[in-house]
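Colleague: This is the structure, below, for whatever I ask next.
Chains as they are written, first to last, in the working numbering: chain R, 8 to 99; chain L, 7 to 222.
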C-alpha cells in the first residue's frame, strides 16, 4: 500500500498537515509508505488522471488493473493477481 | 441502427487518410469498427501532425462529474442520472480504435482555474472508451487542458469545434501520464516526510494499491 497525500494543496504550511498525517497514521497503526504530492489535487490529476480520493491497483508488472475499486471488488482482484503471479512463478 | 461516418486523419505532410467506421447507438452493444490502416510506426517523424476526429450526435452518459460549481440540488440529480454525452467520434491509432465522447457545449481546451484538479478544472471533460466496452467509467474522462493518454500515447487536445462537430488531437511530448486499465502505470517520484524518494520502479514484482488521501 502506498499512500499519496494531496494535503499540500489544502494547507499553506507544512506544519498544518504533517503532524496531523503522522497522528492519523499512528492512531491506526499504519506503517504504509506515505508520500506527498507537492501539487496536491492538480498533481494527482496530471499524474494519474484521478479527480478525487481513490485507489489504483497496480500488478507486479506495473500494469494498472483497477481504479477506484473498494471492498469485495478490490479483494477479488487482488486475489486474482496473486493467483496469476503464482501460476507465472510455477512456469518459470 | 448504426450510422456510418467518415473520420479523417490529417497526417504529417499533406497526406490525408480516410476511414469509415460505424457509430454505435448508445444503447447498443459495443461495436468495434474495422481497424484503419494506421499502425504504430516507431519512427516518430511519421506520426500524424494532427488527428481530426469527426463527431456525430449520440445519446450516451457517464458518471456525473462533480465540480466546485455543482450545487447541492445538481449533486442530487446528477448523481442519479449521470452526465449526458451528446457527441461521439472514432479515433484510431496504433492499430486500435477508441470512441471519443463530448458532453453538451460550451467547450474549452483551456483551464481558467488555478488548479488542474478535477473539482476546479474548467476545461471540457472528454470521455474516451479505451477498453471498447461502451461503458464510460469515471477514469475514462480526461480534461482537455491536460495531455490525454490514449493507449500508451499522449496527445494534446488542440481544438474542440464550438458545435462539437470535431475534435483535434496532436501527439504530445508530455511524459506518460494518467492511468488506463490494462496499461502500464505512469512513472512517478514523490517524497515522504523523511525525504525518502518513492518511485514506481521500486514496486516492481509487487502488487500495490495507491491510495490517494488527505487529512481533511
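Idealized CB from N, CA, C, for every residue including glycine.
Note that this is a predicted model, so its numbers are computed, not measured.
Given that residue 198/L touches chain R, what residues does it touch there, using C-beta distances under 9 Å?
Modeller: Identification of chain R residues near residue 198/L by a Cβ-Cβ cut-off of 9 Å yields 40, 41, 42, 43, ordered along the chain.
Colleague: For residue 15/R, which three-state DSSP category applies?
Modeller: helix
Colleague: Count the other CB atoms, across all protein chains shown, that sit within 10 Å of the CB of residue 78/R; report buried if there are 16 or more and exposed otherwise.
Modeller: exposed
Colleague: On the CB-based measure, 16 or more other CB atoms within 10 Å of its CB, does residue 160/L come out buried or exposed?
Modeller: buried
Colleague: Please look up how many angstroms separate the CB atoms of residue 72/R and residue 84/R, rounded, as I've assumed it's under 8 Å.
Modeller: 6 Å
Colleague: Excluding five sequence neighbours on each side, which residues of the same chain lie with their C-beta closer than 6 Å to the C-beta of residue 204/L?
Modeller: 196
Colleague: Can you check whether the CB of residue 184/L is closer than 9 Å to the CB of residue 56/R?
Modeller: yes
Colleague: Is the shortest distance between the beta-carbon of residue 79/R and the beta-carbons of chain L less than 9 Å?
Modeller: By this cut-off, residue 79/R is not an interface position.
Colleague: Quick one: Cα of residue 139/L to Cα of residue 181/L, how far?
Modeller: Taking the straight line joining both Cα atoms gives about 27 Å.
Colleague: If contact is defined by three or more beta carbon pairs under 8 Å, each pair taking one atom from either stretch, is the segment 103–121 of chain L in contact with the segment 20–32 of chain R?
Modeller: no
Colleague: For the beta strand (DSSP E) containing residue 173/L, list its first residue and its last residue.
Modeller: 172–177
Colleague: At a CB-CB cut-off below 8 Å, which residues of chain R make contact with residue 222/L?
Modeller: 14, 17
Colleague: Which runs of the beta strand (DSSP E) at least 3 residues long sit entirely within the segment 110–166 of chain L? Give them in chain order.
Modeller: 131–135, 147–149, 154–156, 159–166
Colleague: At a CB distance below 9 Å, what residues from the segment 43–60 of chain R approach chain L? Give them in sequence order.
Modeller: 43, 44, 45, 46, 47, 48, 49, 50, 51, 52, 53, 54, 55, 56, 57, 58, 59, 60
Colleague: Using a Cβ-Cβ cut-off of 8 Å (strictly less than) and excluding sequence neighbours within five positions of residue 190/L, which residues of its own chain qualify?
Modeller: 158, 182
Colleague: Just tell me which of 110/L, 193/L, 218/L, 166/L has its CA closest to the CA of residue 210/L.
Modeller: 193/L
Colleague: Taking CB distances under 9 Å as the criterion, tell me whether residue 66/R reaches chain L.
Modeller: yes
Colleague: Please classify residue 155/R: does DSSP put it in a helix, a strand, or coil?
Modeller: Beyond the ends of chain R as shown, which are 8 and 99, falls residue 155/R; an answer cannot be given.
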